[in-house]
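Printed below as a string of structure tokens:
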């Protein structure tokens, strides 16, 4: 009788011990999962086609030629002045650290030629290749340097005269490969964004502007009330009012003369 009572208890204890030694879940442990660094390194080798690109309009000032980089259809140089229409560039994000450089006026992308490594302008249809993608990095002196995704040893290189040099002649740290990015302007509207998103965004911005204007008006009203109170305090009886007009003084003088008469 006693053995029959303790039999289920022994069976449950044996099951608990076996379960503790044998893994029941099929999930991979954290040590076997890929880290964030591995994911970034993997994504840096290809173009991200699922997310929207991040666009910014700017100008790239060359440290070597002391001019701005220009994309005039297929011709590229670094002789542009500040405000030149061909010097306005749109930098599109391609993936982690990867960008595409497009001329705002010509709509041509900056690409590397396979034969001699020269920089040329390409149309949109040919810009999806790795020859038109660059890695954007910051040097130790905070200048921007652009490496080609087609061959990482190739760089955007400019001579002192403003002409484009072969990309394989560029060296890190030299003036010919370093650029200063001028103040940029973010571009939200793209071809992938639908009209509903833009309408909602414009309404949201309009609402924020209304709230700001309402706050400014409320502050102006409160300041006016304070000024009126201060004026009333100054004009209390028993105190001399220094800002009396000539008409009031004349009226008082006439009243005094009438009383005397």
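Residue numbers (mature numbering (1 follows the signal peptide of the UniProt record, and there is no 0)): -27 to -1, 1 to 234.
Glycine included, C-beta positions come from ideal geometry on N, C-alpha and C.
Run of the alpha helix (DSSP H) containing residue i, from where it starts to where it stops
i          : result
residue 14 : 9 to 16
Simplified DSSP state of residue i, which is helix, strand or coil
i           : result
residue 68  : strand
residue 60  : coil
residue 25  : coil
residue -3  : Note on residue -3: pLDDT 49, under 50, position unreliable in the model; no value is reported.
residue 178 : helix
residue 148 : helix
residue 106 : coil
residue 190 : helix
residue 200 : helix
residue 233 : helix
residue 75  : strand
residue 224 : helix
Nearest-angstrom Cα separation, counted from residue j out to residue i
i           : j           : result
residue 39  : residue 85  : 22 Å
residue 198 : residue 184 : 21 Å
residue 27  : residue 196 : 43 Å
residue 233 : residue 221 : 19 Å
residue 118 : residue 45  : 21 Å
residue 191 : residue 203 : 19 Å
residue -1  : residue 102 : Its pLDDT being 49, under 50, residue -1 is placed unreliably by the model, and nothing is read from it.
residue 132 : residue 32  : 18 Å
residue 113 : residue 181 : 40 Å
residue 10  : residue 17  : 11 Å
residue 59  : residue 201 : 56 Å
residue 61  : residue 97  : 17 Å
residue 49  : residue 14  : 31 Å
residue 126 : residue 144 : 9 Å
residue 42  : residue 25  : 26 Å
Inter-residue CB distance, residue i and residue j (contact presumed, cutoff 8 Å)
i           : j           : result
residue 51  : residue 35  : 4 Å
residue 150 : residue 178 : In fact, because the Cβ distance is near 39 Å, the residues do not count as touching under 8 Å.
residue 47  : residue 94  : 5 Å
Span of the beta strand (DSSP E) around residue i
i           : result
residue 35  : 33 to 35
residue 94  : 92 to 95
residue 84  : 82 to 85
residue 45  : 41 to 45
residue 53  : 48 to 53
residue 118 : 117 to 121
Evaluate contact between the segment 67 to 74 and the segment 103 to 122, counting only Cβ atoms and requiring at least three cross-stretch pairs below 8 Å.
-> yes
Count the CB pairs spanning the segment 87 to 94 and the segment 52 to 61 that are closer than 8 Å, and state whether there are at least three.
-> no
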